[in-house]
Structure formats: structure tokens, C-alpha cells
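Heads up: take any position in the sequence shown, counting from 1, add 5, and you land on this note's numbering. Don't be surprised by glycine CBs; every beta carbon is placed ideally from N, CA and C. Here is the structure we will look at, set down as C-alpha cells.
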Amino acid sequence: MLRVKEVNQYYGGSHILRNVNLQAELGKVTVVLGRNGVGKTTLLKSLMGLVPIKSGSIELDGVPIHKATPYERARLGIGFVPQGREIFGRLTVQENLLMGLATKKGSTPIPAELFELFPVLKQMLGRRGGDLSGGQQQQLAIARALAAGPKLLILDEPTEGIQPNIIKDIGRVIRMLADRGNMAIVLVEQYYDFAEALADHYVVMERGEVIASGPGSEMQARGVRQLVAI
Ligand SMILES: Nc1ncnc2c1ncn2[C@@H]1O[C@H](COP(=O)(O)OP(=O)(O)OP(=O)(O)O)[C@@H](O)[C@H]1O
Ligand SMILES: [Mg+2]
Numbered sequence: 006m007l008r009v010k011e012v013n014q015y016y017g018g019s020h021i022l023r024n025v026n027l028q029a030e031l032g033k034v035t036v037v038l039g040r041n042g043v044g045k046t047t048l049l050k051s052l053m054g055l056v057p058i059k060s061g062s063i064e065l066d067g068v069p070i071h072k073a074t075p076y077e078r079a080r081l082g083i084g085f086v087p088q089g090r091e092i093f094g095r096l097t098v099q100e101n102l103l104m105g106l107a108t109k110k111g112s113t114p115i116p117a118e119l120f121e122l123f124p125v126l127k128q129m130l131g132r133r134g135g136d137l138s139g140g141q142q143q144q145l146a147i148a149r150a151l152a153a154g155p156k157l158l159i160l161d162e163p164t165e166g167i168q169p170n171i172i173k174d175i176g177r178v179i180r181m182l183a184d185r186g187n188m189a190i191v192l193v194e195q196y197y198d199f200a201e202a203l204a205d206h207y208v209v210m211e212r213g214e215v216i217a218s219g220p221g222s223e224m225q226a227r228g229v230r231q232l233v234a235i
């Protein structure tokens, strides 16, 4: 579904992503791990087109997308859950969800399924995003990314600052979405246990480079926890 080849990215003169390769398949969760500042968010922003890449290629379903705008990439089927959630605090839950449908035709309704995944959102439709708890905002950000029915879902540290019971709910939803088989998921995560529990594949980054990768089932044996320990 997603094929990232030899991507290089710079912020001004700083070389941030260095020959990054990454793949994500339908029905699988690919976890990207790494300490603070290694380039995880920059990688996801490059996938979404929020920062330009200097060289390399990004293909979605065999189609090169690295020159497309973020809007076009959303329309092609990428859903993005940004670090820190970035929901619209002054808009209602309903309005936030409608923003997730911006790439669809005018009258596309909010899929009822989103409220099965996150029942709390149904009770809070008229409430302002900014009045939700951190965990509820995270669920809203995920629901917003799912609204248009993406085939690739990318999530940037969805557990950051979230209470444990909501982390569990989010983990269950991610697993369920993957198990349906029609979506590829790329999960950036620093919470190791959460990452290991969900990973079908893992990638470890250090200073903008992929330094290790493999099947999720081998993370423990290969000492990935130690690789990313602070
Ligand atoms: N807009 C920017 N302009 C210049 N440098 C930036 C910018 N955004 C990030 N950087 C730098 O790029 C590097 C990678 O940052 P990035 O946010 O991708 O890391 P990260 O792995 O997501 O970190 P964290 O785990 O803290 O979220 C860091 O050195 C950071 O300081
Ligand atoms: Mg980050």
C-alpha cells in the first residue's frame, strides 16, 4: 500500500531524514519507534505532504504521490492523526468530524461507524473540541482521520498524555481497523509496550535514519526496547 524509498528531507541546512525506506501493507500495523527528535514526525509530515522531500519517492498503491499536495493525498486515501491531536478547539465535535470529510462531496454524512468505534463522541457532538479531555480529543482526532475512509492511516504518538483506559480503547480500535484488512496503518509511538503489542512490523529510527526493522513478533528478541530506551 505504502512504499517509501530513499527519502531525504532537510529543514534549511539540517539534513533530517536520511535515505529512509518504509513500507506498510493492508491489514498490518507498522510501528515507527525512536527517541525524541529523531525525525518521526518529519517522516509522517513528508508522507502527508506537509513538508517537501528533497529526494526519494513515496508511492501509495503504486502511484507516486510525493509531488501531490496534502489535500490531494487526503483525497487519495491518507488519513493523518497529528502529534498533539490538533483538533479545532472552537469548533464542535460534529464540525471537527465534518472537517475530516472536506475531500468528499458536499453532502457526505458522518459515517455512523465512527460512533461505534468511539461512543463518547456521539454524546458530545455539540460540545466544543476544546472542552473535551485529552483522551477524548485524541479519539476525535482519530475519528476525523477515519471519516473519509482512508486506506492508509498514519498516527503520530496517539498515547502521548492520555490516560491508561483510553490508551487501551485506542489500541483496540487500531487493532480492529487493521484486522479488517482494508487499511494500512503506520503508527509512530514512544510508548514501547503499546507499540510492541500492536506491531506487525517495526522500524527504529535514529538521527533521521532507519537503524533496525523487522517483524513485530521479534521486537523483544532483538532488543528493540533497549534501542529506544531513554
Ligand atoms: N519546522 C522545523 N524547522 C526546523 N527544524 C525542525 C522543524 N521541525 C522539526 N525540526 C527538527 O527536526 C528534527 C526531527 O524532528 P521531529 O519533530 O521529526 O522529531 P520526532 O522524532 O517526531 O520527535 P518527538 O519524539 O519529540 O516528537 C529535530 O532535530 C527537530 O528539531
Ligand atoms: Mg514527533
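CB contact flag (residue i, residue j, <8 Å)
i	j	result
LEU157	ALA107	no
PRO87	ASP136	no
LYS33	HIS206	yes
GLY213	VAL43	yes
ILE235	VAL191	no
SER60	GLU121	no
GLY228	GLU201	no
ALA152	ILE115	yes
Spatial distance of residue i from residue j (CA atoms)
i	j	result
GLY131	VAL178	23 Å
VAL25	GLN128	42 Å
LEU96	ASP184	32 Å
ARG23	TYR15	9 Å
GLY111	LEU7	28 Å
ALA204	GLY140	22 Å
GLY82	GLY154	7 Å
LYS109	GLY84	13 Å
ARG230	GLU30	24 Å
GLN142	GLU194	17 Å
ILE147	GLY17	31 Å
GLU223	LEU232	13 Å
GLN99	SER138	16 Å
ASN170	GLY176	10 Å
GLY41	ASP66	A small correction: the amino acid at residue 41 is Asn; Gly does not occupy that position in the sequence shown. Roughly 30 Å separates the two Cα atoms.
ASP174	PHE123	9 Å
GLY186	ARG180	10 Å
MET210	LEU48	10 Å
GLU77	PRO69	12 Å
THR46	THR113	30 Å
Same chain, Cβ closer than 7 Å to residue i, neighbours up to 5 away in sequence not counted
i	result
HIS71	ILE58, SER62, ILE63
ASN101	ILE92, PHE93, GLY134, LEU145, ARG149
ALA226	none
MET104	PHE93, ARG149
ARG90	GLN142, GLN143, ALA146
Close-in-space but distant-in-sequence residues of the same chain around residue i (CB under 8 Å, 5 per side omitted)
i	result
ALA117	none
VAL208	LEU27, THR35, VAL36, VAL37, LEU38, VAL215, ALA217, SER218
THR74	GLY54
LEU119	LEU102, LEU126, ALA148, LEU151, ALA152
ILE21	GLN14, TYR15, GLY44, THR47, GLY213
Cut-off 6 Å between Cβ atoms - residues of its own chain near residue i, not counting five sequence neighbours on either side
i	result
THR164	ILE172, TYR196, PHE199
GLY166	GLY139
LEU182	MET188
GLN168	GLY140
Min CB distance residue i to chain C below 8 Å
i	result
MET210	Among the protein chains of the structure shown there is no chain C, as only one such chain exists.
Taking a cut-off of 7 Å, which residues have a beta-carbon closer than that to any heavy atom of ligand 2, in chain order? LYS45, THR46, GLN88, ASP161, GLU162, VAL193
Write down every uninterrupted run of the alpha helix (DSSP H) in the segment 94-147 whose length is 4 residues or greater and which is fully enclosed by it, in chain order. 98-104, 118-122, 124-128
Quick one: complete beta strand (DSSP E) runs, 3+ long, within the segment 11-52? 19-29, 34-38
If you scan the segment 141-195 from start to end, which runs of the alpha helix (DSSP H) of 4 or more residues do you find wholly inside it? 169-184
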